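Protein sequence lines, in the order shown, are assigned to chains A and B. Residue numbers for the first sequence, in numbering that gives the first Met the number 0: 0 to 190. Residue numbers for the second sequence, in numbering that gives the first Met the number 0: 0 to 257. Just so it is clear, CB atoms sit at the ideal spot from N, CA and C, and this is done for glycine as well. Computed from a prediction, not measured in an experiment: that's the story for all the values here.
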Amino acid sequence: MIETHEPVTRRFAPPSAREQAQGRGEGSRIAQAWHILATIPDPEVPVVSIVELGIVRGVMTTSAGLAVVLTPTYSGCPATDLIERAVRDALREAGFCDVRIDYRLSPAWTTDWLAPEARVRLREFGIAPPGARARIDVTGISPLRRARAAVPCPRCGSADTSLLSQFGSTACKAQYRCRSCLEPFDYFKPH
Amino acid sequence: MNEPLFEYLLRQGDTDLVLAQRLGEWVGHGPVLEEDIALANVGLDLLGQARLWLGYAGEVEARIGGRGRSEDELAFLRDAPAFRNLQLAEQPNGDYAATTARQFYYDHAHLLLLQGLARSRDERVAAIAAKAAKEVQYHVERSSDWVVRLGDGTDESRARMQRAIDDLWPYTGEMFEADAVDGVLAGAGFVPDHRALREPWVAAITAVLEEATLVVPPGTFMHGARGRGGRQGVHTEHLGHLLTEMQFLQRAYRGAQW
């Protein structure tokens, strides 16, 4: 039986009473796997789980065991191997012995997949969450520079901020500076 | 179609790989901390993209027959004449203006190319390009910002930026050439016609150079023209030196892992 869950439209929910009553049915095993994956923090941004980040695109059972579909954030993200290992370790600990990891490139990961609650936690962590909806149609990106939207300071909320660098501590973040509270901060770039 | 596709994937993968290696040379030497980090991140994006292109190249090579090489074998165990990167990518870092100009020229062409490749009839090519294009839009913004900052800066920074723009200009022509490999693939809808990218590229870089108070070089001489460029395996003296450093470990300790 093949079953996929799309975390975009269907966020993780604990197993229903019916699923629990079924005991160890396929559905509950998949729900259990989602539950475990939802506890794995992103190595670079530990206040957000890999499910909330939107990089877990599917969990399914196969004849050989469990298959997890991941979509890497950036092509060169150095955390990719670490995340794969964390997924294997966590699932093995929960009794999933044969786990296959598949990588899916298309559709490309986008910050639009970030869970709403993750945006709140990012701000609390001091990282300004991605603002404007990322442009998905890459054929429409202009090679000329785009007008920049104001990025509010995650600490004091001031809109009086300026870009320091398009690249911060990781490729997915830019560095900004708040002119009101004078604090530097990271901005999770729309992608 | 597999033979030209393999060749084309090497060209794209090698250009990204070699430029990533050049950017990596800046780590620990950036003029300011933010730029040190930014160059490493741009390099990392390009390295990730190189892995996707070369990984696919190895799979296509296996379709042609025999054993397809892994991305590591392709990166570390080929000599300079087997590399298919643009000559622009292998040019030395020079001063910060030279690094910026090289990146600026490539970023704008890279984005235009990826936008075309994102419409490829080959699904894998389209998927890699669509992902990479999202990353490269930030490269374009960053290098363009620096061209403006240095060009419209002090007398010294302006002079250096103009010199770098002039010096590297003859290496830009190769990005808009199309040889037999490109022709076959473009005809099949796998890749865009590189020659058609030149006009939007010139428009894009001209707008930035004007904002930077710099002059678009008038020269028409181009290195690597008429099918004798980096994409055909003809390189400047700089590539061999770059490879000796990049490949040393795998040459000395074949298959080493950590």
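Starting from the C-beta of residue i, find all residues in its chain whose C-beta is less than 7 Å away, skip the five residues before and the five after it, and write them out in chain order.
{"i": "Ile49 of chain A", "result": "Leu36, Ile39, Asp41, Val55 and Ile82"}
{"i": "Ala267 of chain B", "result": "The structure shown does not extend to residue 267 of chain B, since chain B is modelled only from 0 to 257, so the question has no answer here."}
{"i": "Gln21 of chain A", "result": "Bear in mind that a pLDDT of 48 at Gln21 of chain A, under 50, signals an unreliable position, so the number given afterwards is only what the model happens to contain. Closer than 7 Å at the Cβ level, and outside the excluded window around Gln21 of chain A, lie Ser27."}
{"i": "Val128 of chain B", "result": "Here residue 128 of chain B turns out to be Ala, not Val, going by the sequence shown. Within the same chain, Ala128 of chain B has close Cβ partners Leu113, Leu116, Ala117 and Ser119."}
{"i": "Arg122 of chain A", "result": "Pro128 and Pro153"}
{"i": "Ser179 of chain A", "result": "Cys152, Cys155, Ser157 and Asp159"}
{"i": "Leu90 of chain A", "result": "Ala32, Ile35, Leu65 and Val98"}
{"i": "Ala131 of chain B", "result": "Gln48 and Leu113"}
{"i": "Tyr170 of chain B", "result": "Gln86, Leu87, Gln90 and His222"}
{"i": "Asp165 of chain B", "result": "Pro216"}
{"i": "Val207 of chain B", "result": "Ser143, Val146 and Val147"}
{"i": "His107 of chain B", "result": "Val139, Trp200, Ala203 and Ile204"}
{"i": "Thr79 of chain A", "result": "Pro71"}
{"i": "Gln11 of chain B", "result": "Trp52"}
For residue i, does the count of other Cβ atoms within 10 angstroms reach 16, so buried, or fall short, so exposed?
{"i": "Trp257 of chain B", "result": "exposed"}
{"i": "Met0 of chain B", "result": "exposed"}
{"i": "Leu32 of chain B", "result": "exposed"}
{"i": "Thr284 of chain B", "result": "A question about residue 284 of chain B goes unanswered here, because the residues of chain B that appear run from 0 up to 257."}
{"i": "Arg98 of chain A", "result": "The sequence as given places Val at residue 98 of chain A; Arg does not occur at that position. By the 10 Å Cβ count, Val98 of chain A comes out buried."}
{"i": "Val218 of chain A", "result": "Absent from the model: residue 218 of chain A. The displayed extent of chain A is 0 to 190, so no value can be given."}
{"i": "His193 of chain B", "result": "buried"}
{"i": "Thr99 of chain B", "result": "buried"}
{"i": "Ile204 of chain B", "result": "buried"}
{"i": "Val86 of chain A", "result": "buried"}
{"i": "Arg225 of chain B", "result": "exposed"}
{"i": "Tyr102 of chain A", "result": "exposed"}
{"i": "Asp181 of chain B", "result": "buried"}
{"i": "Glu198 of chain B", "result": "exposed"}
{"i": "His28 of chain B", "result": "exposed"}
{"i": "Pro191 of chain B", "result": "buried"}
{"i": "Gln161 of chain A", "result": "Checking the displayed sequence, the identity of residue 161 of chain A turns out to be Ser instead of Gln. Exposed."}
{"i": "Gly150 of chain B", "result": "buried"}
{"i": "Val44 of chain A", "result": "buried"}
{"i": "Val139 of chain B", "result": "buried"}
{"i": "Ile29 of chain A", "result": "buried"}
{"i": "Asp13 of chain B", "result": "buried"}
{"i": "Thr243 of chain B", "result": "exposed"}
{"i": "Tyr252 of chain B", "result": "exposed"}
{"i": "Ala264 of chain B", "result": "The structure shown does not extend to residue 264 of chain B, since chain B spans only 0 to 257, so no value can be given for it."}
Within its chain, find whatever has a CB closer than 6 Å to the CB of residue i; leave out the 5 residues flanking it on each side and keep chain order.
{"i": "Glu51 of chain A", "result": "Ala114 and Ala117"}
{"i": "Met245 of chain B", "result": "Gln20"}
{"i": "Asp15 of chain B", "result": "Leu45, Gln48 and Ala49"}
{"i": "Asp185 of chain A", "result": "Ile126, Gly167 and Lys172"}
{"i": "Gly54 of chain B", "result": "Glu70"}
{"i": "Val46 of chain A", "result": "Arg120 and Phe124"}
{"i": "Arg157 of chain B", "result": "Gly150"}
{"i": "Ala61 of chain B", "result": "Gly67"}
{"i": "Val26 of chain B", "result": "Ala39"}
Apart from the five residues just before and just after residue i, which ones in its own chain have a Cβ nearer than 8 Å to its Cβ?
{"i": "Ala255 of chain B", "result": "Leu248 and Gln249"}
{"i": "Arg23 of chain A", "result": "Note on Arg23 of chain A: pLDDT 48, under 50, position unreliable in the model; the coordinate value appears next. For Arg23 of chain A, where only same-chain residues beyond five positions count, there are no Cβ hits under 8 Å."}
{"i": "Ala209 of chain A", "result": "Chain A is shown from 0 up to 190; residue 209 of chain A falls before or after that span and cannot be answered."}
{"i": "Ala125 of chain B", "result": "Leu116, Ala117, Arg118 and Ser119"}
{"i": "Gly57 of chain B", "result": "Gly67, Arg68, Ser69, Glu70, Glu72 and Leu73"}
{"i": "Pro183 of chain A", "result": "Leu163, Gln174, Tyr175, Arg176 and Cys177"}
{"i": "Glu24 of chain B", "result": "Asn92"}
{"i": "Gln19 of chain A", "result": "Residue placement at Gln19 of chain A is poorly supported in this model, since its pLDDT is 49, which falls under 50; the coordinates still yield a value, given next. Within the same chain, Gln19 of chain A has close Cβ partners Ser27."}
Bridge partners for residue i per DSSP, in chain order?
{"i": "Ala66 of chain A", "result": "A:Met59 and A:Arg99"}
{"i": "Phe191 of chain A", "result": "Nothing about residue 191 of chain A can be read from this structure; chain A reaches only from 0 to 190."}
{"i": "Pro42 of chain A", "result": "In the DSSP output, where bridge partners are listed per residue, Pro42 of chain A has none listed."}
{"i": "Ser48 of chain A", "result": "A:Pro40"}
Less than 7 Å separating the Cβ of residue i from some heavy atom of the ligand NAD?
{"i": "Ala127 of chain A", "result": "No copy of the ligand NAD occurs in the structure displayed, which carries no ligand at all."}
Could you run through the stretch 39-60 of chain B and flag, in chain order, every residue whose CB is less than 9 Å away from some CB of chain A?
Ala39, Asn40, Val41, Gly42, Leu43, Asp44, Leu45, Leu46, Gly47, Gln48, Ala49, Arg50 and Leu51
Which runs of the alpha helix (DSSP H) fall wholly inside the stretch 93-178 of chain A and span at least 4 residues, in chain order?
115-124
Report the residues of the stretch 30-41 of chain A with a CB closer than 7 Å to any CB of chain B, ordered along the chain.
none
Ignoring anything shorter than 3 residues or poking outside the stretch 60-101 of chain B, list the beta strand (DSSP E) runs there in chain order.
none
Ordered list of alpha helix (DSSP H) runs contained in the stretch 146-196 of chain B, each at least 4 residues
154-167 and 179-186
Ignoring anything shorter than 4 residues or poking outside the stretch 19-66 of chain B, list the alpha helix (DSSP H) runs there in chain order.
32-63
Against chain A: residues of the stretch 126-145 of chain B by CB proximity under 9 Å:
Ala126, Ile127, Ala128, Ala129, Lys130, Ala131, Ala132, Lys133, Glu134, Val135, Gln136, Tyr137, His138, Val139, Glu140, Arg141, Ser143 and Asp144
Chain-ordered residues of the stretch 159-179 of chain B with a beta carbon less than 8 Å from chain A
none
What residues in the stretch 24-35 of chain B bring their beta carbon closer than 8 Å to a beta carbon of chain A?
Glu33 and Glu34
Could you run through the stretch 77-93 of chain A and flag, in chain order, every residue whose CB is less than 9 Å away from some CB of chain B?
Pro77 and Thr79
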